[in-house]
Amino acid sequence: MSSFGKIYDVAASGMAAQRLRVQLIAANVANAESTRSADGGPYRKKDALFETALLGAAQDGSTFQGVRVREVRTSQEPFQTRYEPGHPDADAEGVVRYPNVNPVLEMVDLTEASRSYEANVAVVRSVRAMSQSALDLLRV
Amino acid sequence: MFDILSRNGIVTTMDRTMALATRRQALIASNLANIDTPGYKTRDFDFEKALRAELGAGQGQSMPMLRTHPGHLGGTGSGGSAVAPPEPPTWERNDGNDVNLDRQTMLLARTQSAYQAAASFAQVEIRKVKQAITEAGR
């Protein structure tokens with residue numbers, strides 16, 4: 003049973019990582035037009051970097067490798083610029099800097115994150131069915 | 251007296267099958283959790299081969315198929331049930347990760363089926379033992 007518990011942990015780590023990724027995508031899309039942010043300039047796109055996390059080892063030496071977010075990276079790509087002289091954040095030439103967020107790319111990323119999340123949910127479902135059939139052995 | 255089930259060939263075979271299926275399911279869970287981890291490589295093992303090795307290692311507890319006719323299957327060996335070792339990935343993404351979502355999802359379902367089939371066989375066998383015990387008491 004502890005082995006099943008570890009598999010749940012692995013799947014949960016995957017779900018948590020993908021959920022954080024969706025949160026960042028939501029922030030990116032919501033701030034796609036934000037010309038001001040806490041650190042002064044326009045909003046910068048944020049992105050999650052994943053890495054493998056060792057969640058334990060079984061007696062037979064095999065390891066349970068989950069995933070965790072190594073860092074939330076702030077994109078250093080150049081901002082988009084638009085000519086809007088009346089805008090309060092326009093510079094002397096009337097150019098406004100907009101966030102370096104591409105909504106189309108964010109949507110593609112969102113779909114991928116959502117599929118990966120579902121894959122982890124499928125693991126949870128499968129392991130639950132397996133532990134149920136193991137418990138059924140007690141009900142002979 | 252209490253090793254009535256632990257010395258039962260079917261029950262021990264199914265027990266090992268279930269243990270191996272659980273181990274494989276852990277690897278599949280790792281693969282799916284790391285489907286977007288840069289540089290991660292798919293982990294797997296040859297289920298059939300590992301099972302055969304496990305059962306062969308048991309002290310005379312494995313159950314070779316009895317051949318009473320030349321047309322019978324030989325069990326291990328020429329049985330035709332051998333599965334090729336895990337196939338190499340057919341594609342790789344530019345982040346160095348080679349997990350194939352479709353293949354891993356298929357393996358997830360297949361391993362679950364193997365586990366549940368083994369559990370059902372063990373259940374039938376345990377039920378037979380129980381029946382033998384209760385019927386003797388009548």
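Chains as they are written, first to last, in my numbering: chain B, 3 to 142; chain F, 251 to 388. Beta carbons are placed, not taken as given, at the ideal position from N, Cα and C, and that holds for glycine. As the structure is a prediction and not an experimental result, all values here were calculated from the model.
Neighbour list for residue 62 of chain B in chain D, Cβ cutoff strictly below 9 Å: This model lacks chain D altogether; the protein chains it does include are B and F.
Beta carbon proximity, residue 54 of chain B to chain F, threshold 8 Å: yes
Test item: CB-CB of residue 261 of chain F and residue 376 of chain F under 8 Å: yes
Strand pairing of residue 100 of chain B, partner residues [DSSP]: B:82
Residue-level contact to chain F via CB, residue 109 of chain B, 8 Å cutoff: no
Continuous beta strand (DSSP E) assignments of at least 3 residues falling wholly in the segment 88 to 134 of chain B: Scanning the segment 88 to 134 of chain B from its first residue to its last, the whole beta strand (DSSP E) runs of 3-plus residues come out as 97 to 100.
Exposure of residue 254 of chain F, with buried meaning 16 or more beta-carbon neighbours within 10 Å: exposed
Spatially closest choice to residue 88 of chain B from B:98, B:80 and B:81, by CA coordinates: The candidate whose alpha carbon is nearest that of residue 88 of chain B is B:98.
Cβ neighbour criterion (16 or more within 10 Å) applied to residue 305 of chain F: buried
DSSP beta-bridge partners of residue 152 of chain B: Residue numbering for chain B in the displayed model covers 3 to 142; residue 152 of chain B lies beyond these limits and cannot be assessed.
Residue range of the alpha helix (DSSP H) that includes residue 138 of chain B: Residue 138 of chain B -> no alpha helix (DSSP H), and no H or E assigned at all.
Residue 357 of chain F: CB within 7 Å of a non-hydrogen atom of the ligand MG: In the structure shown, the ligand MG is absent, as is every other ligand, since no ligand is present at all.
Opening and closing residue of the alpha helix (DSSP H) in which residue 381 of chain F lies: 351 to 386
Residue range of the unbroken alpha helix (DSSP H) whose run includes residue 281 of chain F: 259 to 283
Cross-chain neighbours of residue 67 of chain B in chain F, by beta carbon under 7 Å: 280 and 284
Residue 19 of chain B versus F:346, F:284, F:364 and F:351, residue with shortest Cα-Cα distance: Nearest option by C-alpha distance: F:284.
Residue 16 of chain B beta carbon less than 8 Å from that of residue 58 of chain B: The Cβ atoms of residue 58 of chain B and residue 16 of chain B lie no closer than 8 Å to each other.
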